[in-house]
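Encoded as structure tokens, the structure appears first; notes follow it.
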Amino acid sequence: MRIRSVEPFILHIPVTGGSIADSTHQVSHWGVVGCRIETEDGLSGYGYAGTHAHLPSDRLITACIRDCYAPLLIGEDANEISRLWLKLLRYPPLQWVGRAGITHLALAAVDVALWDLKAKKAGVPLWHLLGGASKPRLEAYNTDIGWLSIPKDQLVEGCRRAVEQDGFHRIKVKVGHADPGIDIGRLEAVRRAVGPHVSLAIDGNGKWDLPTCKRFCARAEPLDIFWFEEPLWYDDVGSHAELARATSIPVALGEQLYTLDAFRAFVQAGALHWVQPDVTRLAGITETIQVMDLALAHRLPVAPHAGEMSQVHVHLAYWHEATPVLEYIPWIKDAFLEPANVKDGHFLRPEQPGASSEPSPAAFRQFSRPLSD
Ligand code: 0YR
Ligand code: MG
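Here you go:
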């Protein structure tokens, strides 16, 4: 499986519902920014990072793939993922300028494409290649009903519909208003509407400081919150550890962490209860497996963050025993040959060969953006 070409691409796909916001981000399109790796035997693997569809920064990722990684990959054996991953990660000039950020997102795309290739070559879905499924069904939790930009009455109605009509047992609602009392009011209304048996998680996207989080958690505890995700600034290990000690609400985080070492620091400090790696921010599937194993070794559950909108995580979550639940956001799934679909609150298990990371020809026609002016 000699690598013949590495071709970057940028897709900007409109999010369903027009435009959404959490406490920190406003998003109208989701960026699928990555590459196709073609081998001399005619197979193609696809991998991508998830972005906020900002063309100038998306082009930094594709330039890194095209100008820095592609020359290191052409002619190599695509089967040797571990060696190629280390070759790219440790390439001295790139290690010097980026052990996180753009270079990591670009490496994520390459790594996912290599795993996609390996599974296609084997003729099996990725979860099968990795060792088979550890569970018969994988629960989904719905994030798409809980954006901060949704007014309270629509929020309550959307949560009720997700539970009563669509069969979700798990939902997540965004928090992070300047006045946390507004969030308490929204959560009380949602809890009343969905009843006591639905798992209700919340996500602050790193907005509040420690005193605000402590006061907020004291008021939110009676609402039986399943986890509080990214309560504080992403890299602040000490404050997360203090909050984890101060409240009975479990702490979740990881979608902004780039490395295994960053996860280890949070785990060692007792600063999180739910581990949320993302193949599109860590350096791909290879490093996500490392983080899942780290979590398992500490008996912490894993709930991956859907930077790739769960196309790839659905494979990892079906396979890895530490992962009982996966995020569901249906924005871009229909742009892929095998969409990550949910039925009755559970992800369908992928059955096609590969990592479900290949966009459809129609998606390339409709959503491609130029790599340069
Ligand atoms: C905007 N999921 C998240 C949106 C989401 C973000 O980036 O996708 O809220 O990534 O926090 O848990
Ligand atoms: Mg989040």
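Per this note's numbering, the sequence shown starts with residue 39, numbered consecutively.
For each residue, glycine too, the CB sits at the ideal point set by N, CA and C.
Other residues of its chain near residue i: CB distance less than 7 Å, five sequence neighbours each side excluded
i: Trp153; result: Ile119, Leu164, Ile323, Ala393
i: Pro362; result: Glu177, Pro339
i: Trp185; result: Ile58, Ala59, Asp60, Lys212
i: Asn379; result: Lys371, Leu386
i: Asp22; result: An answer regarding residue 22 cannot be provided, because it is not within the stretch 39 to 411 covered by the chain.
i: Gln306; result: none
i: Cys73; result: Val44, Glu45, Pro46, Phe47, Gly85, Ile103, Ala147, Val148, Ala151
i: Gly308; result: Ala279, Ala282
i: Lys173; result: Tyr356
i: Leu132; result: Cys106, Thr141
i: Phe405; result: Leu49, His50, Ile51, Ala373
i: Gly161; result: Pro391
Residue closest to residue i, alpha-carbon to alpha-carbon, out of the options
i: Trp369; options: Cys197, Leu145, His90, Trp123; result: His90
i: Glu268; options: Gly233, Gly214, Leu238; result: Gly214
i: Val350; options: Ala360, Tyr366, His336; result: Tyr366
i: Val194; options: Glu376, Ala231, Asn180, Lys381; result: Ala231
i: Arg302; options: Ala333, Leu49, Tyr356, Pro408; result: Ala333
i: Ile240; options: Asn180, Pro397, Arg198, Ala335; result: Asn180
i: Val65; options: Ala360, Gly56, Leu354; result: Gly56
i: Ser237; options: Phe47, Lys210, Ala373, Gln390; result: Lys210
i: Ala413; options: Ala355, Leu93, Leu310, Glu389; result: There is no way to answer for residue 413, as the model of the chain reaches only from 39 to 411.
i: Tyr129; options: Asn117, Gly113, Cys102; result: Cys102
i: His166; options: Pro94, Gln404, Pro391; result: Pro391
i: Ser286; options: Arg257, Tyr356, Leu298; result: Arg257
i: Val71; options: His92, Gly80, Leu49; result: Leu49
i: Leu111; options: Glu45, Asp316, Gly242; result: Glu45
i: Thr141; options: Thr318, Ser82, His92; result: Thr318
i: Asp331; options: Leu298, Leu143, Thr250, Asp221; result: Leu298
i: Arg175; options: Arg407, Arg403, Leu354, Asp273; result: Leu354
i: Lys381; options: Gly205, Ala335, Pro131; result: Gly205
i: Tyr272; options: Leu310, Thr77, Arg121, Gly196; result: Leu310
i: Glu346; options: Ile220, Gly88, Asp221; result: Gly88
Spatial neighbours of residue i in its chain, beta-carbon cut-off 8 Å, leaving aside the 5 residues before and after
i: Ala284; result: Lys252, Cys255
i: Leu145; result: Tyr107, Trp123, Leu126, Leu127, Ala321, Gly322
i: Lys190; result: Gly223, Arg224, Ala227
i: Gln314; result: Glu267, Ala290, Leu291, Gly292, Glu293, Val340, Ala341, Pro342, His343
i: Gln192; result: none
i: Asp262; result: Arg229, Pro234, Leu238
i: Phe374; result: Gln349, Ser394, Ser395, Glu396, Pro397, Ser398, Ala401
i: Thr62; result: Gly214, Asn243, Gly244, Lys245
i: Pro218; result: Trp246, Thr250, Arg253, Phe254, Arg257
Closer than 7 Å: residue i CB and nearest ligand 2 heavy atom
i: Asn243; result: yes
i: His63; result: no
i: Glu293; result: yes
i: His343; result: yes
Cut-off 6 Å between Cβ atoms - residues of its own chain near residue i, not counting five sequence neighbours on either side
i: Ser277; result: Leu248, Leu270
i: Ala216; result: none
i: Thr395; result: The identity of residue 395 in the sequence shown is Ser, whereas the question assumes Thr. So the list reads Tyr84, Gly85, Val150, Asp154, Gln349, Val350, once near-sequence residues are dropped.
i: Pro52; result: His67
i: Ala138; result: Tyr296
Extent of the continuous beta strand (DSSP E) run through residue i
i: Leu168; result: Leu168 -> not in any beta strand (DSSP E); alpha helix (DSSP H) instead, spanning 164-168.
i: Arg199; result: Taken as a continuous stretch (DSSP letters only), Arg199 belongs to no beta strand (DSSP E), being part of the alpha helix (DSSP H) at 190-202.
i: Ile209; result: 208-212
i: Leu186; result: Leu186 -> no beta strand (DSSP E), and no H or E assigned at all.
i: Glu293; result: Glu293 -> no beta strand (DSSP E), and no H or E assigned at all.
Check: residue i C-beta below 7 Å from any heavy atom of ligand 1
i: Val16; result: This structure cannot speak to residue 16, because the chain is shown only from 39 to 411.
i: Glu267; result: yes
i: Glu195; result: no
i: His15; result: As displayed, the chain neither begins before 39 nor continues past 411, which places residue 15 out of reach and without an answer.
i: Glu346; result: no
i: Glu365; result: yes
i: Thr181; result: yes
Bounding residues of the alpha helix (DSSP H) (the contiguous stretch that carries residue i)
i: Pro399; result: 399-405
i: His142; result: 140-160
i: Ala116; result: Taken as a continuous stretch (DSSP letters only), Ala116 belongs to no alpha helix (DSSP H), as it is neither H nor E.
i: Glu325; result: 322-335
i: Leu132; result: 130-135
i: Leu176; result: Unbroken run through Leu176 is the beta strand (DSSP E), 176-180; no alpha helix (DSSP H).
i: Glu226; result: 218-232
Distance cut-off 7 Å: residue i Cβ against heavy atoms of ligand 3
i: Asp60; result: Looking at this structure, you won't find ligand 3 anywhere; what it does contain is ligand 1 and ligand 2.
Report task. Entirely within the region 348-394 and at least 3 residues each: give me those beta strand (DSSP E) ranges in chain order. Result -> 363-366
**Report entry** Entirely enclosed alpha helix (DSSP H) segments - the region 237-283, minimum 4 residues
**Finding:** Those alpha helix (DSSP H) runs which fall completely within the region 237-283 and span 4+ residues are 248-258.
Report task. May I have a chain-ordered list of the beta strand (DSSP E) segments no shorter than 3 residues that lie completely inside the region 46-110? Result -> 67-77, 82-89
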